Every structure is written in structure tokens, then in C-alpha cells.
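Peer 1: The sequence shown begins at 492 in the numbering used here and counts up one residue at a time. Even glycine gets a Cβ: it sits at the ideal position worked out from N, Cα and C. The model shown is predicted, which means the values in this text are computed figures rather than measured ones.
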Amino acid sequence: MEVPGSLKAEHEEIWNLLERAVAEQGAIGEAAKAVEERLRLHFEREEEFALPPLAALTLSGEEDDGPRASCQAHRAIEG
């Protein structure tokens with residue numbers, strides 16, 4: 492299952508901002524490097540394990556397939 496596009500975009504935006512901060516000189520750049528080190532593994536794990544099951548859910552309720560949607564969500568959670 493794919494990570495929802497809105498969440499991918501949010502992660503990309505965070506990484507872009509962080510890359511700019513890492514390029515800064517002095518304390519800001521050093522602090523940004525520390526944040527980057529800590530966030531990288533978190534984001535990788537989040538995108539691998541936590542976010543894909545969200546693809547099975549609908550936000551609008553317009554595409555509610557009842558049991559089919561429930562089975563998709565269960566399969567996503569079970570892996």
C-alpha cells in the first residue's frame with residue numbers, strides 16, 4: 492500500500508526546510524544536523540510501517556465499500 496500523498500508531501504516539505512537549516516552556519520546549522528539525525532530514522536520507519544495502512548481508509552466516506560474496505564484495512568494492518 493502506498494503512503495498517502497498528503498503525508499508524503501508533508502515529509503518532503505519538512506526535509507526541504509531542514510536541508511536549508513542544515514546549510515546555515517553556526518548554531519542553527521548544528522542544531523538542524525542534530526534534528527536531521529534524529530528524524531531520519533523516525534520518518535523511514537513511519538513511512539514503512541505506520542503510514543501505509545492509512546491508504547486503506549477513506550477520508551470522505553464517499554467510497555465506503557463496507558466489508559471490502561474493512562478487509563483492506565485489516566490486510567494493511569496485518570502486513
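1) Could you work out which residue in Pro495, Val494, Glu528, Leu498 is closest to Leu509 when comparing CA atoms only?
2) Distance check for Arg536 and Glu521, CA to CA, integer angstroms please.
3) Taking the alpha-carbon positions, what's the Asn507 to Ala541 distance?
4) Note down, one range per segment and in chain order, each alpha helix (DSSP H) of at least 4 residues found wholly within the region 495 to 529.
5) Return the CA-CA distance between Lys524 and Leu548, expressed in angstroms with no decimal places.
6) Judging by CA-CA distance, which residue of Gly496, His502, Ser497, Pro544 is the nearest neighbour of His533?
Peer 2: With the structure as the only source:
1) Indexing the sequence shown from 1 puts residue 509 at position 18. Checking every option, the nearest Cα to that of Leu509 belongs to Glu528.
2) As a position in the sequence shown, residue 521 is number 30, starting the count at 1. As a position in the sequence shown, residue 536 is number 45, starting the count at 1. Answer to the nearest angstrom: the Cα atoms are 24 Å apart.
3) The residue labelled residue 507 in the question sits at position 16 within the sequence shown. The residue labelled residue 541 in the question sits at position 50 within the sequence shown. Using only the alpha carbons, I get a separation of about 22 Å.
4) 496 to 513
5) Here the question's residue 524 lines up with position 33 in the sequence shown. Here the question's residue 548 lines up with position 57 in the sequence shown. Between Lys524 and Leu548, the C-alpha separation is close to 35 Å.
6) For the purposes of this step, residue 533 is taken as the residue at position 42 of the sequence shown. Closest option to His533, Cα to Cα, is His502.
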